[in-house]
Structure formats: C-alpha cells, structure tokens
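Numbering-wise, the sequence shown is residues 43 to 272 according to our numbering.
By construction, the Cβ of each residue, glycine as well, lies at the ideal position given by its N, Cα and C atoms.
In this text, all values refer to a predicted model and were calculated from it rather than measured experimentally.
See below for the structure under consideration.
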Amino acid sequence: MSDTLQKLREANPALNILSVDAPEFARYGRVLEGYDATEMIARARAILPHSDGVVYEPSVPALEAPGVLNTALEQEVYGEMPVQVGWCYGQNLQMAGLEYHKGNEVNVCLTDVVLLVGHIEDVAYGEDAITYETARVAAFYAPAGAVVELPAWNLHFAPIHVRRTEEFATLVYLPRGTNEPLSHRVEPEGESRLLFAVNKWLIVHPEAADLVSQGAYAGLVGPDIFVQPI
C-alpha cells in the first residue's frame, strides 16, 4: 500500500478507500496497462488552468491533436469510433451526484485522485422514482499517471483532489458528442428522467442545489459523501 493511500485511509476511515489496482475495482472498471501516457500528460500539464471549483470541458482541441496515446485509445479501446478528449480539473471534495454514459470513459490521471463510483445494477428504476443509495458508493485511489477505464455500467462524477494544497486533474476520453447540450425536450418519464446532456444520465443528491436548479434529477438516497484530503 502506498504512503498516500495509507494517509487517505487514515483520514477517511468510514470510506474504506482502496487502490484501483485492488481486485474490488473490477466491478467498476479497470486500469489499462501498456499505454504510454507520458506525452499526453506533459502536453496537458503545460496548458492546465487552475480553478477553485470543478471545471469540465468535453472537447479541447489541444488535447485532441494527434499523439501516440490518442491513436492507441481510439483504435484499441473504442474500435475506431469517433472520440473526444477533454479534461476535468479543479478542487472537489464532495460526491454531489453520479452519472453514467452508454459508452466507456477513459480517465488519464494528471494528478493523484480519489474516484467515487457505483454500479448501474444498483440503481432502482421505479415508476414513481429513480433512486440510488449512497451507502453503495465505493471509493478508490488512482495515482498520477494511471489510465483508468470506466465501462458503461460505472456510475461516477468529478474526481476528488487528494492533498489540501493541490488540485485534481484528469484527461477524459469519451465517444464524441458526450456531455454536449441536448437538442430535444426531455419528457420526464422512465430512464429519460435522468437524461441531462448528450449521452449523460445523471442522478444527484437533493442537497446539490446548483445541479437540482439546472434540472438534474434528485434521486440519491442517504448522506452525501465528502472526502477529507491529506
């Protein structure tokens, strides 16, 4: 166990934070081995902005420029489907919500992060309400440099920063068009109650006022999850 993970576990005893290399992570995703992210990480870090909040940009031209990692992921992970490369960065210690996509997401960790994740099979799709119990959320530590694949059944949201004096940052690979604004009016029926953007189904905590005010479906049941940094 790394020193960073040990300190995170000591600071958050109730969360049982594990490594993405632990067998338990297989239910939620996998670490992609054998991919050289060195050039992409250097490229991103050279232009990475700073933010006190959470910033997500689905498609960043400078990150989508040709490169070894981009080509390898598009060909081998996405089977030559069109892929967008963006990033998520800033400061975040709160779960607030969980989303899923109908297509895999790949995160390249520019910094150490904690991922709060769930599984779509634990979502209760009822006629009157859609709910997910926050007690089912699992926490995993991913070190800088890790390339992590989150399959379509994975529930996730913005990563968590690890150190009080630092921010978090990940590159985000997704099928092109994901997270862009919808072009049609969504009827509040069935699974569509969660449809928040293109290829983005989102369920949030009732106390996440900013997201609820934007129309996100409040269906997380139980306490929101906060992570203590080290």
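- Pairing E233 with Y167 gives a Cβ-Cβ distance under 8 angstroms.
- Contact between V127 and E106 is confirmed by a C-beta separation of about 5 angstroms, below the 8 angstroms threshold.
- For the stretch 108-139, the continuous alpha helix (DSSP H) assignments of 4+ residues that do not extend past its boundaries occur at 110-114, in sequence order.
- Just measuring C-alpha positions, the residue of L50, P103, V179, P230 sitting nearest E169 is P230.
- Taking 8 angstroms as the cut-off, the beta carbon of L262 is found no closer than this to the beta carbon of A181.
- P265 is not a Cβ neighbour of T173, given a cutoff of 8 angstroms.
- In the DSSP assignment, E81 falls within the alpha helix (DSSP H) that extends over 80-89.
- Partner residues in a beta bridge of W195, as assigned by DSSP, do not exist.
- One Cα belongs to D45, the other to Y183, and the distance between them is close to 12 angstroms.
- Under the three-state reduction of DSSP, E52 is assigned to helix.
- Shortest Cα-Cα distance from V179 to any of V246, G95, S93, G187 involves V246.
- Taking the CA atoms as reference points, L236 sits about 15 angstroms from A138.
- Cβ contact annotation for H143 (same chain, cutoff 8 angstroms, sequence separation greater than five): A194, L216, P217, T220, N241, K242, W243, in chain order.
- The straight-line gap separating the alpha-carbon atoms of M82 and P271 is approximately 26 angstroms.
- The alpha-carbon separation between Y98 and K49 amounts to approximately 28 angstroms.
- Around the beta carbon of D78, a 10 Å sphere encloses fewer than 16 other beta carbons of the protein chains shown; the residue is thus reported as exposed.
- E66 sits in a helix when the DSSP states are folded into three classes.
- Take the alpha-carbon of P91 and the one of W129: they are about 11 angstroms apart.
- Check the Cα spacing between L111 and each of Y259, L158, A188: the tightest is with A188.
- Judged by DSSP in its simplified three-state form, T153 adopts coil rather than helix or strand.
- The C-beta distance from D154 to P185 rounds to 5 angstroms, short enough to meet the 8 angstroms contact threshold.
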